[in-house]
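Below: one structure, written as structure tokens.
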Amino acid sequence: MDCRHVKKLLDDYFDKTLSSREQDSVEEHLISCAKCREEYTRMERLIAFLRDTASPDALPPPDFFNGVLARAHEERGKGALPAETAPLGRRLRNFFDAVVGRPTFLRLAESIALVLFGFIIASGIFKQEKRPLVDITPNHRVNQANLPVETVAQATPAPTPVKPTVGEPVLNKSRVTDMEMAFKEADNPNASSLTPYANFQSWPPAGSNFTSLEDTRLRLVASPERQSDVIESIQRLKLNLYLSGESRFIPDIHKMERFVADIASATQEADNIYLNNLKTFQEAEQCLVDKKYLCAIQNYSTVSDRAPGSLMSFLGEFQAANVNYEQIGDYKAALTHYQKCIENYPSHYLTEDKKEFILKRIDLLTRNSADDWRPLKIYLKAKNRDVAFDQSLTLLKQLITDYPKCSLVRDAADALSFKIINGEDVSVSTAEDLIAFFQQCRERFEEKDLQQIFQFKTAEIFHQKMLNYPQAILEYNRVVEIDALSDLAEKARGRINTLYNYGVRFR
Amino acid sequence: MSALTVDPQIIKRCQEGDRAAFDELFEVLKDDLFRLIYSLMRNYDDAEEVFQECVIRLFRHIGSLRDTERFAHWLYRMVANQCNTHRARNSRRSYIPLEEEIEVKAEDFVFQSSMPDNPRRALMRKELMQTINEHISELPPRQRTAVLLFDVDGLSIKEVAEHLGCSEGAVKFNIHEGRKKLRISLGPILKFPMDEGAK
Numbered sequence: 033m034d035c036r037h038v039k040k041l042l043d044d045y046f047d048k049t050l051s052s053r054e055q056d057s058v059e060e061h062l063i064s065c066a067k068c069r070e071e072y073t074r075m076e077r078l079i080a081f082l083r084d085t086a087s088p089d090a091l092p093p094p095d096f097f098n099g100v101l102a103r104a105h106e107e108r109g110k111g112a113l114p115a116e117t118a119p120l121g122r123r124l125r126n127f128f129d130a131v132v133g134r135p136t137f138l139r140l141a142e143s144i145a146l147v148l149f150g151f152i153i154a155s156g157i158f159k160q161e162k163r164p165l166v167d168i169t170p171n172h173r174v175n176q177a178n179l180p181v182e183t184v185a186q187a188t189p190a191p192t193p194v195k196p197t198v199g200e201p202v203l204n205k206s207r208v209t210d211m212e213m214a215f216k217e218a219d220n221p222n223a224s225s226l227t228p229y230a231n232f233q234s235w236p237p238a239g240s241n242f243t244s245l246e247d248t249r250l251r252l253v254a255s256p257e258r259q260s261d262v263i264e265s266i267q268r269l270k271l272n273l274y275l276s277g278e279s280r281f282i283p284d285i286h287k288m289e290r291f292v293a294d295i296a297s298a299t300q301e302a303d304n305i306y307l308n309n310l311k312t313f314q315e316a317e318q319c320l321v322d323k324k325y326l327c328a329i330q331n332y333s334t335v336s337d338r339a340p341g342s343l344m345s346f347l348g349e350f351q352a353a354n355v356n357y358e359q360i361g362d363y364k365a366a367l368t369h370y371q372k373c374i375e376n377y378p379s380h381y382l383t384e385d386k387k388e389f390i391l392k393r394i395d396l397l398t399r400n401s402a403d404d405w406r407p408l409k410i411y412l413k414a415k416n417r418d419v420a421f422d423q424s425l426t427l428l429k430q431l432i433t434d435y436p437k438c439s440l441v442r443d444a445a446d447a448l449s450f451k452i453i454n455g456e457d458v459s460v461s462t463a464e465d466l467i468a469f470f471q472q473c474r475e476r477f478e479e480k481d482l483q484q485i486f487q488f489k490t491a492e493i494f495h496q497k498m499l500n501y502p503q504a505i506l507e508y509n510r511v512v513e514i515d516a517l518s519d520l521a522e523k524a525r526g527r528i529n530t531l532y533n534y535g536v537r538f539r
Numbered sequence: 003m004s005a006l007t008v009d010p011q012i013i014k015r016c017q018e019g020d021r022a023a024f025d026e027l028f029e030v031l032k033d034d035l036f037r038l039i040y041s042l043m044r045n046y047d048d049a050e051e052v053f054q055e056c057v058i059r060l061f062r063h064i065g066s067l068r069d070t071e072r073f074a075h076w077l078y079r080m081v082a083n084q085c086n087t088h089r090a091r092n093s094r095r096s097y098i099p100l101e102e103e104i105e106v107k108a109e110d111f112v113f114q115s116s117m118p119d120n121p122r123r124a125l126m127r128k129e130l131m132q133t134i135n136e137h138i139s140e141l142p143p144r145q146r147t148a149v150l151l152f153d154v155d156g157l158s159i160k161e162v163a164e165h166l167g168c169s170e171g172a173v174k175f176n177i178h179e180g181r182k183k184l185r186i187s188l189g190p191i192l193k194f195p196m197d198e199g200a201k
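Protein sequence lines, in the order shown, are assigned to chains A and B. Numbered by my numbering, the letters in the first sequence go through residues 33 to 539 in order. Numbered by my numbering, the letters in the second sequence go through residues 3 to 201 in order.
The following block contains the structure:
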């Protein structure tokens, strides 16, 4: 498990929502990787900080609660919103459809009205005087000196600009911001009634291309041009709702404002990803010029991982494949990248010539016509279903013998034992041959992890093919004795236990 | 488990306009409601204001609640919206003098069970809390609410999703993003445990 994968799982690991296997893998990684461990410690501290500063050490005094209760009773006497007669979502959707479907001259008139409306609101005509809250200061607050400052500030609208905050959605169009602020400022007593929200579950409206905010975010990464359409539609709908003069629509207008803000925020996020990716892509190109091929591949991979499905991601994938193929000679990686180019991206990213180019290379890599790529060629041929069983075994043995330094040795050992254990009509002598071969390999290879793998494969054949359990226990014991791959040793211990229990039960 | 659960009979009586039932409802809810709002606002003054707004709205609009079983979701969502609206309103107030921001007033510690050892430590702790609050305020409303309800109030993903009226996937995404942003923005503070940070 690598750091990038672990970082993705860190939240779930912290919340203990991973499967026990994944939980163990992450834990193992955290033990060995200082950087991820630090990230995890920061996560633990963050939550501890949040919790530690979250609860009041004492509740307000009874006077405060009594004051609030009295004020709430008084306000209740002024009446609540009338109950809705039909689901609001449906009515709004119909309304939306009707608005969008109007003739052009009406839309034009609406646009003019919209601008006028924005202007009126910006002039502050709809601002209402803010009602003071119950005075909560005298009984338990000493800092009454603050009060005059607030009173003065409320009487004079703040001339200072809105403080920009990181992460808050920033709207592109000033009139949208004006309207949003005006609605918030209006402080209509009915403004935050939540009942209509409960009825208004069907937003975004049917017929729009956005099924949810998540979906919106993802789509906008691919097609930011949609945002202006959606924002326009919402603005039109909002204006019409407002002009209809019914205050019960105000909560829904607020909801739409938030939707617009979310779109703007998503678009901004998409822009940021695009700009970051562009920068990384340029760095990768520079690495190529400087002949730092591994660095280039790393940058291209970053680009392709950052915004999956995007054109930039596709180009990153394509370039990573090319560098692997042309400069480094890591054909396995090149093949994976080329295959991703074909399988994971929309077909219109592939121009005809590029498609031909990629398919040709994939063909070259998979059909083993490349003379300079013998180990993989042999491996793929051995795995080919059309190749006879015996020939396949010979090829895999040849691969292990001729290319001991190749990373495919492990895959070949896996393939060999798999074929013997699961193959039909495999004779005992063939299995014994392979055990002897693995024995030779154990002696020949100096790497302990490889020795352990061959030992484990031997044990597996005794266990699952020959059904010689006492011998299998002995062989698994040898696996445990080799100090290299802890997970393999653990697996062997598990098998020993199973076999032992099995023996005891059926003796 | 949500704390804001109330006997449906009380709610029904409130809907019929029984004044005594409103008093009863307030008595049952007030402590938990205040704690919840404090955990979302993380500031005494703001918590009191939002608490008052929420109770007024609760009393005015409880009549329109159709399914009394969903009272807790309804209330959670209202609280979350009120907190977000209040924060948005506050973010536009820029008239508080700087001196007032950093001055440590004795009454700020009246409600703390453990009195700070000395004024310097008190100041450090106050600044630390302010910094954390500022960074929390900078999160987008959905991420902020999801992180606080899940990590601080201990609600499950499912409960948060129900309260906020969105999918569990969306809640998970928002928690993940919110935590990530806070880890980055609070990076220097998170190098030390809370006690050391306040020293």
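Note that the Cβ used here is the ideal one computed from N, Cα and C, for glycine as well.
In the three-state reduction of the DSSP assignment, tyrosine 435(A) falls in the coil class. Contact annotation: isoleucine 528(A) and tyrosine 501(A) have beta-carbon atoms that are not nearer than 8 angstroms. Taking the C-beta atoms as reference points, arginine 37(B) is found nearer than 8 angstroms to proline 88(A). The beta carbon of valine 38(A) is closer than 6 angstroms to those of Val58, His61 and Cys68 in its chain, skipping five residues each way along the sequence. Linking asparagine 376(A) to threonine 398(A) through their CA atoms gives a straight-line distance of about 19 angstroms.
The continuous alpha helix (DSSP H) containing methionine 43(B) extends over residues 21-43. Between leucine 6(B) and leucine 31(B), the gap from beta carbon to beta carbon is short of 8 angstroms.
Comparing alpha carbon positions, the residue from Cys327(A), Phe81(A) and Ala90(A) closest to leucine 184(B) is Phe81(A). Look at arginine 83(A): its C-beta is under 8 angstroms from a C-beta on chain B.
Secondary structure of threonine 334(A) (DSSP, three-state): helix. Leucine 427(A) is not a Cβ neighbour of leucine 448(A), given a cutoff of 8 angstroms. Residues of the same chain with a CB within less than 8 angstroms of the CB of glutamate 71(B), apart from the 5 flanking positions on each side, are Pro10 in chain order. According to the DSSP assignment, serine 379(A) belongs to no alpha helix (DSSP H), since it is labelled neither H nor E. The beta carbon of valine 8(B) lies closer than 7 angstroms to those of Leu27, Val30, Leu31 and Phe73 in the same chain, with the five residues before and after it left out. For phenylalanine 73(B), there are no neighbours in chain A by C-beta distance under 8 angstroms, as the nearest C-beta there is about 12 angstroms away. For phenylalanine 46(A), the enclosing alpha helix (DSSP H) has its first and last residue at 35-47. Of all residues in the segment 31-47 of chain B, only Lys32, Asp33, Phe36, Arg37, Tyr40, Ser41, Arg44 and Tyr46 place a beta-carbon less than 8 angstroms from a beta-carbon of chain A.
Take the alpha-carbon of cysteine 65(A) and the one of glutamine 503(A): they are about 38 angstroms apart.
Using beta-carbon distances, aspartate 25(B) counts as an interface residue toward chain A, with a partner under 8 angstroms.
Taking C-beta separations shorter than 6 angstroms and ignoring five residues to either side along the sequence, the partners of leucine 42(B) in its chain run Cys85 and Leu150, following chain order.
Out of Ser169(B), Ala82(B), Ser187(B) and Cys56(B), the CA that lies nearest to the CA of arginine 146(B) is found in Ala82(B). If you check the CB distance, leucine 347(A) and aspartate 33(B) do not come in under 8 angstroms. The straight-line gap separating the alpha-carbon atoms of serine 297(A) and isoleucine 159(B) is approximately 24 angstroms. Contacts with chain B (Cβ-Cβ distance below 7 angstroms) from the segment 60-86 of chain A involve Arg74, Met75, Arg77, Leu78, Ile79, Ala80, Phe81, Leu82, Arg83, Asp84, Thr85 and Ala86, listed in chain order. For cysteine 56(B), the secondary structure class from DSSP, reduced to helix, strand or coil, is helix. In the DSSP annotation of this structure, the continuous segment of the alpha helix (DSSP H) that includes serine 52(A) starts and ends at 52-64. In chain A, no part has a C-beta under 7 angstroms from the C-beta of valine 8(B); the shortest such distance is about 15 angstroms.
For the segment 177-191 of chain B, the set of positions with a beta-carbon nearer than 8 angstroms to some beta-carbon of chain A reads Ile177, His178, Arg181, Lys183, Leu184, Arg185, Ser187, Leu188, Gly189 and Ile191 in chain order.
At least one beta carbon of chain A lies nearer than 8 angstroms to the beta carbon of isoleucine 134(B). Out of Thr462(A), Ser342(A), Gly341(A) and Cys373(A), the CA that lies nearest to the CA of alanine 352(A) is found in Cys373(A). For isoleucine 374(A), the uninterrupted alpha helix (DSSP H) run begins and ends at 363-375, by DSSP. In terms of beta-carbon proximity, isoleucine 58(B) lines the interface with chain A, with at least one pair separated by less than 8 angstroms. In this structure proline 407(A) is not in contact with tyrosine 370(A), their Cβ atoms being roughly 18 angstroms apart against a cut-off of 8 angstroms.
Within 10 angstroms of the beta-carbon of histidine 88(B) lie 16 or more other beta-carbons, which makes it buried. Against chain B, the beta carbon of valine 100(A) has neighbours under 9 angstroms at Phe28, Lys32, Glu50, Phe53, Gln54, Val57 and Ile58, listed in chain order.
Shown here for arginine 525(A): same chain residues with a beta carbon closer than 7 angstroms to its own, the five before and five after excluded, namely Val512 in chain order.
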